[in-house]
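Read left to right, the sequence shown gives residues 1 to 421 (UniProt numbering).
Everything below concerns the one structure shown next.
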Amino acid sequence: MNNNELSRLLASIEKELNWGPAKEWNNRDFERLNILILERTKVSLSSSTLKRIWGKVNYNNQPSLTTLDALSRFAGFESWREFCRQPAASDRSAPPFIPEAAFPGKRKKSYVFAFTILMAVLLVILFKVFNSRQNITSSPDHSAYSFTSKAITRDIPNSVVFNYDARAAGTRPVMIQQSWDKTRRNSVPAGKHQFTSIYYRPGFYQAKLIVANEVVKEHPLLIPTKGWLGLLAKDPAPVYLGEEEFLHQDHLGISAEFLRQKLSQDQWEAPVAEFYNVGNFVPVPINSLSFTVDLKNTFSAGASKCAVINVQLITDNQPLNIPLSMPGCISNLYLSNGEDDISGRSNDLSSFGIALGKWTRVSCKTSNGKIDYLINDQLVYQTKQPKKKVKILGIGITFQGGGMIKNVRLWCGPKLVFSSY
Numbered sequence: 001m002n003n004n005e006l007s008r009l010l011a012s013i014e015k016e017l018n019w020g021p022a023k024e025w026n027n028r029d030f031e032r033l034n035i036l037i038l039e040r041t042k043v044s045l046s047s048s049t050l051k052r053i054w055g056k057v058n059y060n061n062q063p064s065l066t067t068l069d070a071l072s073r074f075a076g077f078e079s080w081r082e083f084c085r086q087p088a089a090s091d092r093s094a095p096p097f098i099p100e101a102a103f104p105g106k107r108k109k110s111y112v113f114a115f116t117i118l119m120a121v122l123l124v125i126l127f128k129v130f131n132s133r134q135n136i137t138s139s140p141d142h143s144a145y146s147f148t149s150k151a152i153t154r155d156i157p158n159s160v161v162f163n164y165d166a167r168a169a170g171t172r173p174v175m176i177q178q179s180w181d182k183t184r185r186n187s188v189p190a191g192k193h194q195f196t197s198i199y200y201r202p203g204f205y206q207a208k209l210i211v212a213n214e215v216v217k218e219h220p221l222l223i224p225t226k227g228w229l230g231l232l233a234k235d236p237a238p239v240y241l242g243e244e245e246f247l248h249q250d251h252l253g254i255s256a257e258f259l260r261q262k263l264s265q266d267q268w269e270a271p272v273a274e275f276y277n278v279g280n281f282v283p284v285p286i287n288s289l290s291f292t293v294d295l296k297n298t299f300s301a302g303a304s305k306c307a308v309i310n311v312q313l314i315t316d317n318q319p320l321n322i323p324l325s326m327p328g329c330i331s332n333l334y335l336s337n338g339e340d341d342i343s344g345r346s347n348d349l350s351s352f353g354i355a356l357g358k359w360t361r362v363s364c365k366t367s368n369g370k371i372d373y374l375i376n377d378q379l380v381y382q383t384k385q386p387k388k389k390v391k392i393l394g395i396g397i398t399f400q401g402g403g404m405i406k407n408v409r410l411w412c413g414p415k416l417v418f419s420s421y
């Protein structure tokens, strides 16, 4: 594989996304990119795979052809081979300039041709202006639209059927946005009434019906789990764990040996294990929150040396995220209070850098408009609470490598609302 071609492909994707330099992207950006690639190509490239490709994680192996094909299709090409056949922009030679005087007999014809093209363009513009005015003046209020959704199952993966009535849109474009993320939009015909989408992970989404860039209807959408869900991030789709594989008598999680056998990978790979419990307890207002969990990493060799762990409290807004890693890797961490991201590149998150090979207690609690973050019952960081009224709906814990979890507790004020192991 030609690394120059791969760099050119990644640069093309970065230009289309317009998210700024890739070196400044955080975990959420790669998770968003994973979703966009899945929607456009129907292939799931995990955020860990994308970070390896973009050089955010040290990794010496080359991407598979499946991965390269998916990235190429996302960039607008049929395959990696077709992309490589396309010359770089700087290699495309412009046609030679030939003075018009070399063809004196054609000068008059060229004027007539140019005038014809100009008139055609003006007619198109006038038509669009007239048509848009017709749409604006005849646009009904939002009550003319309807928008609902229904999850097919309580299991994961889960398909959601969106039912909509957007006939009042006329000729204006209609889109369904599946979450808070504006990049997760799909065009739908105004004259039809159903659109379906598959969700490979649980979570909370704010679905929107959009007409000509205006939100006309929206509603919350929760993709729950049936108890605990365990999975391994893998392309093109996650590997879902059976309950007998990760639910144990006094803890939940997986060992390093199990991980190697399950994915048939050696210690130099960097798999990601994810565990979720969503929609199985009464929502907890973030200003009454108290949460604690004991965890440890069971696989921290090779590319998983940083042993990154993310403890997420899934909310009806942005997740509250508590990151952990080996001390030397804290620059790659990001903390979230449920509203704002705090990057380890521009903030001192060294308190979240600890040895994770033994049981570690991670906690957070709110009081007096602040969120306190504790490691082994010691206060290590503090942020403000979100300005919005945010509620906790679920729990998600991810390990770079394998990991184990126990003593999961969630309180609403003095009342214990969720307890596991």
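Where a beta carbon is used, it is the ideal one built from N, C-alpha and C, also for glycine.
| Query | Result |
| --- | --- |
| Rounded to whole angstroms, what is the Cα-Cα separation between ILE156 and LYS51? | 25 Å |
| Report the rounded CA-to-CA distance for GLN134 versus ALA144, giving the unit in angstroms. | Unreliable positioning characterises GLN134 in this predicted model, as indicated by a pLDDT of 45, which lies under 50. A coordinate reading is not provided. |
| To the nearest angstrom, how far is the alpha carbon of ASP340 from that of SER79? | 38 Å |
| Does the segment 184-193 come within contact of the segment 240-254, defined as at least 3 CB pairs closer than 8 Å? | no |
| Leaving out the 5 sequence neighbours to the left and right, which residues in its chain are closer than 8 Å to HIS193 when beta-carbon positions are compared? | ASN163, TYR164, ASP165 |
| Please determine, among LEU313, ILE314, ASN297, LYS15, the residue with the shortest C-alpha to C-alpha distance to CYS306. | ASN297 |
| Could you compute how far the alpha carbon of LYS389 sits from the alpha carbon of LYS365? | 16 Å |
| Please work out which residues of its chain come closer than 8 Å, Cβ to Cβ, to ILE254, disregarding the five sequence neighbours upstream and downstream, and give them in chain order. | GLY230, LEU241, GLU245, PHE246, LYS262, ALA273, THR298, GLY402, GLY403, MET404 |
| Could you tell me which whole beta strand (DSSP E) segments of length 3 or greater appear in the segment 335-403? | 341-343, 360-367, 370-375, 378-384, 391-400 |
| Please list the segments of the alpha helix (DSSP H) lying wholly inside the segment 164-252, counting only runs of 4 or more residues, in order along the chain. | 243-246 |
| Using DSSP's beta-bridge definition, name the partner residues of TRP411. | SER290, LEU416 |
| What do you get for ASP29, buried or exposed, if any count of 16 or more other CB atoms within 10 angstroms of its CB means buried? | buried |
| Is it buried or exposed for ASN4, if we count other Cβ within 10 angstroms and need 16 for buried? | exposed |
| CB TYR334 to CB ASN317, shorter than 8 Å? | no |
| For MET326 and GLN382, what's the separation of their Cα atoms in angstroms? | 20 Å |
| Thinking C-beta only, is SER159 closer than 8 Å to TYR152? | The sequence given here has Ile at residue 152, not Tyr. Going by C-beta atoms, ILE152 is nearer than 8 Å to SER159. |
| What would DSSP say about ASN3, mapped onto helix, strand or coil? | helix |
| Give me the residue from PHE291, GLY76, THR398 with the minimum Cα distance to LYS415. | PHE291 |
| Run through DSSP, which three-state label would SER325 get? | strand |
| Mind reading off the beta-carbon distance from SER331 to GLY413? Whole number of angstroms is fine, and I expect it under 8 Å. | The Cβ separation is near 36 Å, so there is no contact. |
| Could you tell me how far apart the beta carbons of GLN385 and ILE286 are, in whole angstroms, since I believe they sit closer than 8 Å? | 6 Å |
| Should ARG32 be labelled buried (16 or more other beta-carbon atoms within 10 Å of its own) or exposed? | buried |
| Report yes if the C-beta distance between PRO238 and ALA212 is below 8 Å; otherwise report no. | no |
| Which of the three DSSP states is assigned to THR153 in this structure? | coil |
| Which runs of the alpha helix (DSSP H) at least 4 residues long sit entirely within the segment 21-81? Give them in chain order. | 27-41, 47-53, 65-74 |
| Pick helix, strand or coil for GLN318, following the three-state DSSP scheme. | coil |
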